[in-house]
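Taking it in order: structure first as structure tokens, then the write-up.
Residue numbers (UniProt numbering): 1 to 159.
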């Protein structure tokens, strides 16, 4: 790439750092209130709104995808050896099979919503509903949800 800079090391570190930030923004998006409630509450975490977290997560994910593709390109000979183990006729070694089985288990558990997937998803739903009822807040007569009313009441009491 540039003189004195290792392309492989740069891409590997870029992949790692993007993965870390993608996980962090994903965790934030897992627990934030639904968009309507987040807007009404003017919800932020570290000064960043839900909409901004969505944008960050999307762009970081696209960057991660590019970094993974570059990482695979720079390490294609190693990846090919992992698949072939030096024998052109054998593609399925035990590591390849175990990796595929692991992915299939995750896909099946997610599709059929079995434990622990059902628990993870219900916990996320419960956490989101804790911001103000099913779907993130039931509308009251004045058009605001309970969480917004509580914030309004607290602000009035402070004045």
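Even for Gly, the Cβ is constructed at its ideal location relative to N, Cα and C.
For residue i, the first and last residue of its enclosing alpha helix (DSSP H)
{"i": "residue 26", "result": "7-31"}
{"i": "residue 101", "result": "94-112"}
{"i": "residue 124", "result": "117-129"}
Which residues DSSP lists as bridging residue i, in chain order
{"i": "residue 48", "result": "45"}
Beta-carbon separation (whole angstroms), residue i vs residue j, contact threshold 8 Å
{"i": "residue 61", "j": "residue 121", "result": "With a Cβ gap of about 20 Å, residue 61 and residue 121 do not count as contacting."}
{"i": "residue 53", "j": "residue 68", "result": "That belief does not hold up - the Cβ atoms of residue 53 and residue 68 are roughly 22 Å apart, past 8 Å."}
{"i": "residue 96", "j": "residue 79", "result": "With a Cβ gap of about 11 Å, residue 96 and residue 79 do not count as contacting."}
{"i": "residue 24", "j": "residue 63", "result": "Wrong, their Cβ atoms sit about 14 Å apart, outside the cutoff."}
{"i": "residue 12", "j": "residue 71", "result": "6 Å"}
Among the options, nearest to residue i - alpha-carbon criterion
{"i": "residue 27", "options": "131, 51, 124 and 3", "result": "124"}
{"i": "residue 130", "options": "4, 30 and 93", "result": "30"}
{"i": "residue 73", "options": "119, 102, 15 and 3", "result": "15"}
{"i": "residue 127", "options": "34, 98 and 41", "result": "34"}
{"i": "residue 132", "options": "36, 3, 4 and 8", "result": "36"}
{"i": "residue 8", "options": "100, 76, 104 and 101", "result": "76"}
{"i": "residue 56", "options": "20, 81, 42 and 40", "result": "20"}
{"i": "residue 10", "options": "99, 66, 100 and 118", "result": "66"}
Distance cut-off 7 Å: residue i Cβ against heavy atoms of the ligand ADP
{"i": "residue 111", "result": "As far as ligands go, the structure on display features none, and thus does not contain the ligand ADP."}
is_contact[residue i, chain B] using C-beta, thresh 8 Å
{"i": "residue 34", "result": "Here there is only one protein chain, and chain B is not present."}
Three or more C-beta pairs below 8 Å linking the segment 102-121 and the segment 41-57: The answer is no - the segment 41-57 does not touch the segment 102-121, with fewer than three Cβ pairs under 8 Å.
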